[in-house]
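Enquirer: Under this note's numbering, the sequence shown is numbered contiguously, ending at residue 453.
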Amino acid sequence: MNIRTSSRGRPRRLGRRLLPTPLTLGGLVGAVGICFGVAMGPAEESTAVASPGEGALQTVQIPVPVRAVARGERLGQVEFTTVEWPKRSLTESYIQEVQSMREAVALSQLPPYLPIPSVAVAAEGTEANAVVNGIPLGMRAITVRVDAEAAVEGWARSGNNVDVILLRQGSDTTTGIDATVIAENVRILSAGRSTEPLAGQTSAPQAPATVTLLVTQEDALKVKTAQTVGKLTFSLRASGDEDPTLAVSVNQRDLLGAPRNALPRREVYRGRAVGPDGKTYLLGDDARWVRTLGEQASGGPVPQGESDADER
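Printed below as a string of structure tokens:
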């Protein structure tokens, strides 16, 4: 029978060999210190950033518009307020005060409650007039009053092209109301004092009260004259449609046919008479019977068939 007596002593001998020496103990302490230092590094750094005076968030007072500023609008016409804005966010040159920039004009639409970059405005109004800049040489810009119907429910906006139609009473009373295209493919420069076009909107804004049209000098004279004799309305063209208009005029008689009072009048005859030549004539509604000289003296009846034509 084998008795294992030596196995009980081996663990004790092995345990004595694994006891840490001064060298290994020092290395272990150093490793723990390195790990602890790495773990504490970010915390110390974040504490330093958050400490006041070294990296605290700094803000500045800066003027911002309280509403959207339209392109071409003067800053003096807009109400401003001041807000606290992070200084590090002002990466460009922004307007720091408005008083000296009241005559400046927006070069593009500016959103509300945001700082205004200096490059977004022009100090001289003539340099930033969006309407003037949109007029080619030889062309003209005129403004006309419109309503929701004339402005195609408000969809006729800046950048769109329209045909201008004049509605008026025709010079011939038998034609009734007359509609005539007086200017074709006219571009709208501004609608409701805004040069911004509609961009992907599914509902039209409020219809403008006025629109500014880009026209030739001849069309300018036509449109301004037409304003005094009738009502102006627009027909909106599709984008890129430059085809000439084929139907340029229509009147009430073309649409509904001749009115009843324009039909030939049925002639009514009051009688007939025998002329000096022995021929019989029919007397119209405007003819009248008169007595001969002999019958006037005797007071006899009017002879059948005699009229004032016989006297002549």
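A virtual CB, placed ideally from N, CA and C, is assigned to each residue, including glycine. Small disclaimer: the values here were computed from a predicted structure and weren't measured.
Contact between the segment 362-371 and the segment 237-256: three or more CB pairs below 8 Å?
Expert: The segment 362-371 vs the segment 237-256: no contact.
Enquirer: If you follow the beta strand (DSSP E) that Q202 is part of, which residue opens it and which one closes it?
Expert: Taking the sequence shown and counting its residues from 1, one reaches residue 202 at position 61. Unbroken beta strand (DSSP E) run through Q202: 200-206.
Enquirer: Please report the straight-line C-alpha distance between A189 and L231, rounded to a whole angstrom.
Expert: Translated into the one-based positions of the sequence shown, residue 189 becomes position 48. Translated into the one-based positions of the sequence shown, residue 231 becomes position 90. Per-residue confidence for A189 stands at a pLDDT of 41, beneath the threshold of 50, marking its modelled position as unreliable; the derived number appears in the next sentence. Between A189 and L231, the C-alpha separation is close to 24 Å.
Enquirer: In whole angstroms, what separates the C-alpha of R208 from that of A271?
Expert: Reading the sequence shown from its first residue, position 67 is the one you call residue 208. Reading the sequence shown from its first residue, position 130 is the one you call residue 271. Their Cα atoms are separated by approximately 20 Å.
Enquirer: Considering just the uninterrupted stretch of the alpha helix (DSSP H) at A367, what are its terminal residues?
Expert: Walking along the sequence shown from the start, residue 367 turns up at place 226. Unbroken alpha helix (DSSP H) run through A367: 358-367.
Enquirer: So what does DSSP say about S380, is it helix, strand or coil?
Expert: Here residue 380 corresponds to residue number 239 of the sequence shown, with the count starting at 1. The answer is coil: DSSP assigns S380 none of H, G, I, E or B.
Enquirer: Taking the alpha helix (DSSP H) that Q393 belongs to, which residues open and close that run?
Expert: As a first step, residue 393 is located in the sequence shown; it is residue number 252 there, counting from the start. Where Q393 is concerned, the enclosing alpha helix (DSSP H) stretches over 393-397.
Enquirer: Nearest-angstrom Cα distance between V246 and D395?
Expert: By 1-based counting over the sequence shown, the position of residue 246 is 105. By 1-based counting over the sequence shown, the position of residue 395 is 254. Cα-Cα distance, rounded: 51 Å.
Enquirer: Near G194, what residues of its chain come up, given a Cβ to Cβ distance below 8 Å and the 5 sequence neighbours on each side ignored?
Expert: For the purposes of this step, residue 194 is taken as the residue at position 53 of the sequence shown. Low confidence applies here, because G194 scores a pLDDT of 47, under 50, leaving its location unreliable and the question unanswered by this model.
Enquirer: Between G300 and I329, which are expected to be in contact by the criterion C-beta below 8 Å, what is the C-beta distance as a whole number of angstroms?
Expert: Position 159 of the sequence shown holds residue 300. Position 188 of the sequence shown holds residue 329. Contact flag correct, Cβ pair sits at about 7 Å.
Enquirer: For my contact list, T386 and V322 are in at a C-beta cut-off of 8 Å; report their separation, rounded to the angstrom.
Expert: On the sequence shown, residue 386 is found 245 positions in, with the first residue counted as 1. On the sequence shown, residue 322 is found 181 positions in, with the first residue counted as 1. 5 Å between Cβ atoms; contact.
Enquirer: Less than 8 Å separating the beta-carbons of V210 and Y254?
Expert: Residue 210 sits at position 69 when you count from the first residue of the sequence shown. Residue 254 sits at position 113 when you count from the first residue of the sequence shown. No, the pair does not count as a contact, with Cβ atoms beyond the cut-off.
Enquirer: If I'm right that R298 touches L339 with Cβ under 8 Å, what's the distance once you round it to whole angstroms?
Expert: Mapped onto the sequence shown, residue 298 falls at position 157. Mapped onto the sequence shown, residue 339 falls at position 198. Going by Cβ atoms, the distance from R298 to L339 rounds to 5 Å, so yes, they are a contact pair.
Enquirer: If you draw a straight line from the C-alpha of V287 to the C-alpha of L198, how long is it?
Expert: In the sequence shown, counting from the first residue as 1, residue 287 sits at position 146. In the sequence shown, counting from the first residue as 1, residue 198 sits at position 57. Taking the straight line from one Cα to the other gives about 53 Å.
Enquirer: Thinking just about the alpha-carbon of each residue, which of G279, V352, E220 is nearest to the one in W296?
Expert: Along the sequence shown, read from residue 1 onward, the residue named residue 296 stands at position 155. The candidate whose alpha carbon is nearest that of W296 is V352.
Enquirer: Can you tell me whether DSSP reads N274 as helix, strand or coil?
Expert: Taking the sequence shown and counting its residues from 1, one reaches residue 274 at position 133. Correct three-state label for N274: helix.
Enquirer: Taking DSSP as the reference, what is the three-state secondary structure of Q342?
Expert: Stepping through the sequence shown from its first residue, residue 342 is reached at position 201. Correct three-state label for Q342: coil.
Enquirer: What is the DSSP secondary structure of S241, reduced to helix, strand or coil?
Expert: As a working note, residue 241 is residue 100 in the sequence shown. In the structure shown, S241 sits in a helix (DSSP, three-state: H, G or I).
Enquirer: Suppose you measure from the CA of Q202 to the CA of P258; what does that come to, to the nearest Å?
Expert: As a working note, residue 202 is residue 61 in the sequence shown. As a working note, residue 258 is residue 117 in the sequence shown. Roughly 15 Å between the two C-alpha positions.
Enquirer: So, is P227 buried or exposed, given that buried needs 16 or more other C-beta atoms within 10 angstroms?
Expert: One-based indexing of the sequence shown puts residue 227 at position 86. P227 is exposed by the Cβ-count criterion.
Enquirer: So R215 is in the beta strand (DSSP E); what residue range does that whole segment cover?
Expert: On the sequence shown, residue 215 is found 74 positions in, with the first residue counted as 1. Segment: none, R215 is in no beta strand (DSSP E) and carries neither H nor E.
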